[in-house]
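Asker: Below is the structure I would like to discuss, written out as structure tokens.
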Amino acid sequence: MSGKPILHYFNGRGRMESVRWLLAAAGVEFEEKILKSAEDFENLVKGGNLMYQQVPMVEIDGLNLVQTRAILKYIAAKYNLYGKDLKEKALIDMYVEGMRDLNEMIMHYPLCYPGEEEKNLNFILERATERFFPVYEKALKSHGKNYLVGNQMSWADIQLFEAILMVEELKSDILSAFPKLQEFKARISKLPRIQKFLQPGSQRKPPMDDQAVEEATKIFNL
Ligand SMILES: N[C@@H](CCC(=O)N[C@@H](CS[C@H](CC=O)c1ccccc1)C(=O)NCC(=O)O)C(=O)O
27 MSGKPILHYF
37 NGRGRMESVR
47 WLLAAAGVEF
57 EEKILKSAED
67 FENLVKGGNL
77 MYQQVPMVEI
87 DGLNLVQTRA
97 ILKYIAAKYN
107 LYGKDLKEKA
117 LIDMYVEGMR
127 DLNEMIMHYP
137 LCYPGEEEKN
147 LNFILERATE
157 RFFPVYEKAL
167 KSHGKNYLVG
177 NQMSWADIQL
187 FEAILMVEEL
197 KSDILSAFPK
207 LQEFKARISK
217 LPRIQKFLQP
227 GSQRKPPMDD
237 QAVEEATKIF
247 NL
């Protein structure tokens, strides 16, 4: 028993990528059990350790955690990335839930119906620039610290950094109207644990390509 958390998911970002980011930011090494086929997934379901017969599932501290938000909250709390009091926790939740709304759109974009790509892309970029990024730009400006909440890194910062990189993959100059977010990205990029996760060969997954979509479709019978 290595004692490291074990992540059960397919070989793609999907819902598990935010968990990978949070563990990496916490400096926690983790193992991955990659589902490669529908049979792998069926066997995992038959093993009885998936409360809702779904993944992501993370084995940690003797628990089989499922439901992505529950997994993220557990990790954030365990590694002191969830604020110092109830108010900071609530602010972190509000920021994170907004980012997860954006994340959900981006996550499902590769799975969209043929012919809907441009419409979905434009919607993601419009929401990112008109609804979500302005919130975090204003927060960084008014809070006047290096981080979104309090004066130390939290789950909210990691989720924002992940969201920025994913939206930039869709439109590289997306931060042109957000100077504070540009500074934030540059600052977080320099943290050793983040730099390590950004290195090629890390457990960070690439954007979902056609092969990954085909694999997820087969594994989860989409
Ligand atoms: N509330 C839960 C939901 C968890 C969940 O939907 N898990 C799915 C695989 S991930 C998904 C597959 C397509 O939708 C995907 C894969 C790629 C990109 C985005 C999503 C699953 O297990 N599907 C089998 C089944 O539902 O029988 C949570 O937040 O954790």
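When the letters of the sequence shown are read in order and numbered with my numbering, they come out as residues 27 to 248.
In this text, a Cβ means the ideal position worked out from N, Cα and C, and glycines have one as well.
Remember, predicted model here, so these are calculated numbers, not experimental data.
Can you check the region 188-231 for any alpha helix (DSSP H) of at least 4 residues that lies completely inside it and give the ranges in chain order?
Answerer: 205-215 and 218-224
Asker: List the DSSP bridge partners of residue 86.
Answerer: The count along the sequence shown starts at 1 and reaches residue 86 at position 60. For residue 86, which the question treats as bridged, DSSP gives the partners 89.
Asker: Quick one: what's residue 134 bridged to in DSSP?
Answerer: In the sequence shown, the residue the question calls residue 134 occupies position 108. Partner(s): none; residue 134 has no beta bridge.
Asker: Taking only the alpha-carbon atoms, compute the straight-line gap between residue 210 and residue 173 and give it to the nearest angstrom.
Answerer: Taking the sequence shown and counting its residues from 1, one reaches residue 210 at position 184. Taking the sequence shown and counting its residues from 1, one reaches residue 173 at position 147. Distance between the alpha carbons of residue 210 and residue 173: 8 Å.
Asker: Identify, in the order they occur along the chain, each residue of the same chain with its Cβ nearer than 7 Å to the Cβ of residue 176, setting aside the five sequence neighbours on each side.
Answerer: Translated into the one-based positions of the sequence shown, residue 176 becomes position 150. The beta carbon of residue 176 is closer than 7 Å to those of 109, 110 and 114 in its chain, skipping five residues each way along the sequence.
Asker: Among 224, 103 and 60, which has the Cα closest to the Cα of residue 83?
Answerer: Start at 1 with the first residue of the sequence shown, and residue 83 comes out as number 57. Among 224, 103 and 60, the Cα nearest to that of residue 83 belongs to 60.
Asker: Nearest CA to the CA of residue 92: which residue from 187, 51, 75 and 230?
Answerer: To locate residue 92, count along the sequence shown from 1; it is residue 66. When each option's Cα is compared against that of residue 92, the closest is 75.
Asker: How about residue 96: is its Cβ closer than 6 Å to a heavy atom in ligand 1?
Answerer: To locate residue 96, count along the sequence shown from 1; it is residue 70. No.
Asker: CB-CB under 8 Å to residue 158, same chain, minus the five flanking residues each way: which ones, in chain order?
Answerer: The residue you call residue 158 lines up with position 132 of the sequence shown. Hits under 8 Å: 124, 125, 127, 128 and 189.
Asker: Go ahead and pull the three-state DSSP assignment for residue 144.
Answerer: Within the sequence shown, residue 144 is the residue found at index 118, counting from 1. The answer is helix: DSSP assigns residue 144 an H, G or I state.
Asker: Got a sec, what are the start and stop residues for the alpha helix (DSSP H) residue 100 sits in?
Answerer: Position 74 of the sequence shown holds residue 100. From DSSP, the alpha helix (DSSP H) with residue 100 extends over 94-104.
Asker: In three-state terms, what does DSSP make of residue 35?
Answerer: Stepping through the sequence shown from its first residue, residue 35 is reached at position 9. The answer is strand: DSSP assigns residue 35 an E or B state.
Asker: Just the C-alpha distance for residue 56 and residue 30, rounded to the nearest angstrom, thanks.
Answerer: Working through the sequence shown from its first residue, we reach residue 56 at position 30. Working through the sequence shown from its first residue, we reach residue 30 at position 4. So the two alpha carbons sit approximately 5 Å from each other.
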